[in-house]
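Below: one structure, written as structure tokens.
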Amino acid sequence: MIFAHAPAGFIAAYVTKKIWQRGLSQLQTRWLYFVGTLAGILPDIDTLYYYLVDSRFSHRELITHTPILYVVVCLTLYLTGYLLKKKFIQALSLVIFFATLSHLIFDSLNSGIGWLYPGTDLIFGLLGISALAEGWYGQYLLVITYSVELAIFLGAGNIILFAKYRQCGQRLIALIISAILLCSGIITLCFIKPHLFARNSNIYYGDYDRDGVANKNDDDIDGDGINNFEDQDADGDGWSNQEKVITTAESMTGVYYDWTNKSYWAFLSRFGFLSNTDVVTRSYDTAGIYLHQEMKRDYKNNPAGYITSPTDDRFSSSPQNIYTYCQHQSLLLAEKQAIELGDIAFYLGENGEVAHLALVVEIENEKAIVIDAGFSEKEVIKVEAGEVGRVQEKTIAYGRLLP
Ligand SMILES: [Ca+2]
Ligand SMILES: [Ca+2]
Ligand SMILES: [Ca+2]
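Numbering (our numbering), first residue to last: 182 to 584.
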């Protein structure tokens with residue numbers, strides 16, 4: 182969830198008021214609703230750390246997204262209130278607990294959070310249930326999660342309106358307007374769904390071989406003894422990497438282009454837009470080839486040529502960095518070498534700087550056809566590789582990452 186944590190925190194405080202409200206004044210109760218609203222977003226304080234300090238770990242993997250932290254903090258606060266005989270402090274601890282818990286529950290609509298930390302670093306959510314992830318739930322994930330967010334906003338709005346308007350007629354009007362807004366929201370989402378890319382975050386946070394190491398940190402995600410980068414079927418699902426990379430890239434056609442290139446805290450990217458390098462990195466990720474991890478390793482050995490470091494959240498969304506990785510690993514094709522499906526087309530300027538890339542999905546009369554995000558300002562398209570080069574006035578170099 183992105184937007185609705187604050188109203189969800191408010192609702193959590195409201196529906197649990199019978200537990201904590203006794204003996205408090207009206208002013209104190211109002212204050213605690215406000216605290217609940219803030220505590221609803223509290224766990225996301227770690228995004229500040231992710232974007233401003235260090236992007237090597239997802240913010241969902243930090244202790245701020247684990248229930249144990251809030252159990253310990255709130256229990257300490259509650260006992261302090263008990264010892265000092267302060268009802269308000271006890272109520273405060275309960276409100277913070279329920280509001281932060283709502284955050285963790287709603288984050289579990291997709292990849293989830295570290296429910297079992299410190300028992301395991303793995304994170305758990307609804308997408309971890311493969312029947313859901315691969316079925317309608319995974320398919321409509323964005324429609325479902327954004328509809329839930331809208332419903333939460335409307336729910337919080339209705340609670341406030343109900344407190345203000347006591348007549349049945351007025352309340353009925355509020356409910357009808359909310360229902361109309363919710364329905365139109367869901368219909369709109371269904372219409373724009375083909376233009377949004379829903380990422381199955383299990384690919385990163387799941388643990389396909391159940392060895393306790395999340396896929397994104399596992400060199401051999403299917404546990405067959407062959408490293409992901411040398412494994413023809415890295416995730417062991419019976420589909421070759423190449424088939425999966427191509428199918429994923431093809432499915433991106435028509436998705437909105439993220440012209441901000443994941444700026445503004447990846448706002449558009451979270452909403453389902455695709456940046457230029459996403460056509461490559463996300464297609465490879467889907468097959469179990471985690472370019473980001475390999476690039477981090479390569480950077481450690483030889484940072485020359487990289488324009489940003491792995492602590493930068495856009496480290497692996499820079500075409501120049503991906504090109505540098507291919508250079509270091511001798512993955513660039515020689516001039517006369519035949520292109521294959523799944524190869525990366527890099528677009529080079531005069532000084533050798535790389536500002537654009539695309540993914541080869543077809544070869545027609547020896548010409549490469551690529552999936553490209555950015556050539557069309559609006560959406561991801563399928564286009565001849567040479568056409569992109571001509572318009573951008575850049576030469577093409579190809580890289581091959583698939584074994
Ligand atoms: Ca594993
Ligand atoms: Ca393997
Ligand atoms: Ca596979």
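Every residue, glycine too, gets a C-beta built ideally from N, C-alpha and C.
Please report the straight-line C-alpha distance between residue i and residue j, rounded to a whole angstrom.
{"i": "phenylalanine 378", "j": "serine 274", "result": "39 Å"}
{"i": "glutamine 271", "j": "cysteine 255", "result": "9 Å"}
{"i": "valine 569", "j": "glutamine 474", "result": "29 Å"}
{"i": "aspartate 225", "j": "glycine 567", "result": "44 Å"}
{"i": "aspartate 235", "j": "alanine 447", "result": "15 Å"}
{"i": "aspartate 466", "j": "asparagine 383", "result": "11 Å"}
{"i": "alanine 280", "j": "leucine 223", "result": "9 Å"}
{"i": "asparagine 442", "j": "isoleucine 577", "result": "21 Å"}
{"i": "tyrosine 480", "j": "tyrosine 487", "result": "7 Å"}
{"i": "lysine 575", "j": "leucine 529", "result": "5 Å"}
{"i": "tyrosine 445", "j": "valine 252", "result": "32 Å"}
{"i": "serine 511", "j": "phenylalanine 454", "result": "31 Å"}
{"i": "asparagine 483", "j": "aspartate 418", "result": "33 Å"}
{"i": "cysteine 371", "j": "glutamate 543", "result": "30 Å"}
{"i": "alanine 526", "j": "alanine 515", "result": "13 Å"}
{"i": "leucine 335", "j": "tyrosine 298", "result": "33 Å"}
{"i": "glycine 533", "j": "alanine 539", "result": "17 Å"}
{"i": "alanine 201", "j": "cysteine 349", "result": "The question names alanine, but residue 201 is tryptophan in the sequence shown. Taking the straight line joining both Cα atoms gives about 28 Å."}
{"i": "glutamate 547", "j": "arginine 391", "result": "43 Å"}
{"i": "asparagine 502", "j": "phenylalanine 410", "result": "18 Å"}
{"i": "tyrosine 321", "j": "tyrosine 263", "result": "46 Å"}
{"i": "glutamine 413", "j": "phenylalanine 238", "result": "27 Å"}
{"i": "glycine 300", "j": "isoleucine 310", "result": "20 Å"}
{"i": "isoleucine 244", "j": "leucine 229", "result": "14 Å"}
{"i": "aspartate 553", "j": "glutamate 315", "result": "26 Å"}
{"i": "isoleucine 407", "j": "tryptophan 420", "result": "16 Å"}
{"i": "glycine 206", "j": "leucine 449", "result": "Checking the sequence, you will find serine at residue 206 rather than glycine. Going from the Cα of serine 206 to the Cα of leucine 449 covers about 43 Å."}
{"i": "threonine 489", "j": "tyrosine 504", "result": "13 Å"}
Here's the rule I'm using: 16 or more other beta-carbon atoms within 10 Å means buried, otherwise exposed. How should residue i be labelled?
{"i": "lysine 425", "result": "buried"}
{"i": "lysine 267", "result": "exposed"}
{"i": "arginine 463", "result": "buried"}
{"i": "serine 241", "result": "Note on residue identity: the sequence assigns arginine, not serine, to residue 241. Buried."}
{"i": "serine 499", "result": "buried"}
{"i": "isoleucine 470", "result": "buried"}
{"i": "leucine 260", "result": "exposed"}
{"i": "threonine 492", "result": "exposed"}
{"i": "aspartate 405", "result": "exposed"}
Taking C-alpha atoms, which residue in the options lies nearest to residue i?
{"i": "glutamate 558", "options": "Asn546, Leu307, Gly567, Val572", "result": "Val572"}
{"i": "glycine 295", "options": "Gly533, Ile277, His246", "result": "His246"}
{"i": "arginine 380", "options": "Trp420, Lys477, Val324, Ala578", "result": "Val324"}
{"i": "valine 551", "options": "Thr428, Thr505, Gly204", "result": "Thr428"}
{"i": "tyrosine 385", "options": "Glu574, Gly300, Leu308", "result": "Leu308"}
{"i": "phenylalanine 305", "options": "Ala312, Gly319, Gly316, Asp288", "result": "Asp288"}
{"i": "isoleucine 183", "options": "Leu205, Leu331, Val561", "result": "Leu331"}
{"i": "isoleucine 354", "options": "Ile367, Asn339, Tyr263, Ser365", "result": "Asn339"}
{"i": "isoleucine 367", "options": "Tyr327, Ile341, Arg391, Ile333", "result": "Tyr327"}
{"i": "isoleucine 562", "options": "Phe269, Val535, His376", "result": "His376"}
{"i": "tyrosine 318", "options": "Arg211, Arg495, Ser292", "result": "Ser292"}
{"i": "tryptophan 440", "options": "Glu560, Leu356, Ile341", "result": "Glu560"}
{"i": "tyrosine 231", "options": "Ser450, Val535, Asp494", "result": "Asp494"}
{"i": "proline 584", "options": "Gly523, Arg451, Gly204", "result": "Gly523"}
{"i": "glutamine 508", "options": "Glu431, Arg581, Val460", "result": "Arg581"}
{"i": "methionine 433", "options": "Val460, Phe452, Lys517", "result": "Val460"}
Can you find the residues in the same chain that come closer than 7 Å, C-beta to C-beta, to residue i, ignoring five residues on each side of it along the sequence?
{"i": "alanine 468", "result": "Ala415, Asp416, Asn422, Lys425, Val426"}
{"i": "arginine 129", "result": "A question about residue 129 goes unanswered here, because the residues of the chain that appear run from 182 up to 584."}
{"i": "glycine 555", "result": "Tyr438, Asn457, His537"}
Apart from the five residues on each side of it in sequence, which residues of its chain come closer than 8 Å, Cβ to Cβ, to residue i?
{"i": "aspartate 388", "result": "Leu303, Val394, Ala395, Asn396, Asp399"}
{"i": "valine 216", "result": "Ala194, Leu273, Val276, Ile277, Ala280"}
{"i": "serine 283", "result": "His186, Ala189, Gly190, Ile192, Ala193, Gly221"}
Return yes when at least one heavy atom of ligand 4 lies under 7 Å from the C-beta of residue i, else no.
{"i": "aspartate 418", "result": "As far as ligands go, the structure on display features ligand 1, ligand 2 and ligand 3 and does not contain ligand 4."}
Considering only residues of the same chain and omitting the five flanking positions on each side of residue i, which have a CB-CB separation below 6 Å?
{"i": "leucine 258", "result": "Ser274"}
{"i": "methionine 476", "result": "Ser497, Tyr506"}
{"i": "alanine 337", "result": "Pro188, Phe191, Ile192"}
{"i": "alanine 549", "result": "Ile520, Val541, Ala566"}
{"i": "phenylalanine 269", "result": "Gln209"}
{"i": "threonine 218", "result": "Ala187, Gly190, Phe191"}
Would you verify that the beta carbon of residue i is, or is not, closer than 8 Å to some beta carbon of chain E?
{"i": "lysine 517", "result": "Of the protein chains in the structure, only one exists, and it is not chain E."}
Output the residues surrounding ligand 2, defined as those with a CB atom closer than 5 Å to any ligand heavy atom, in chain order.
The filter returns Asp401, Asp403, Asp405, Ile407, Asp412, in chain order.
If you measure from each residue's Cβ to the nearest non-hydrogen atom of ligand 1, which ones come out under 5 Å, in chain order?
Asp388, Asp390, Asp392, Val394, Asp399
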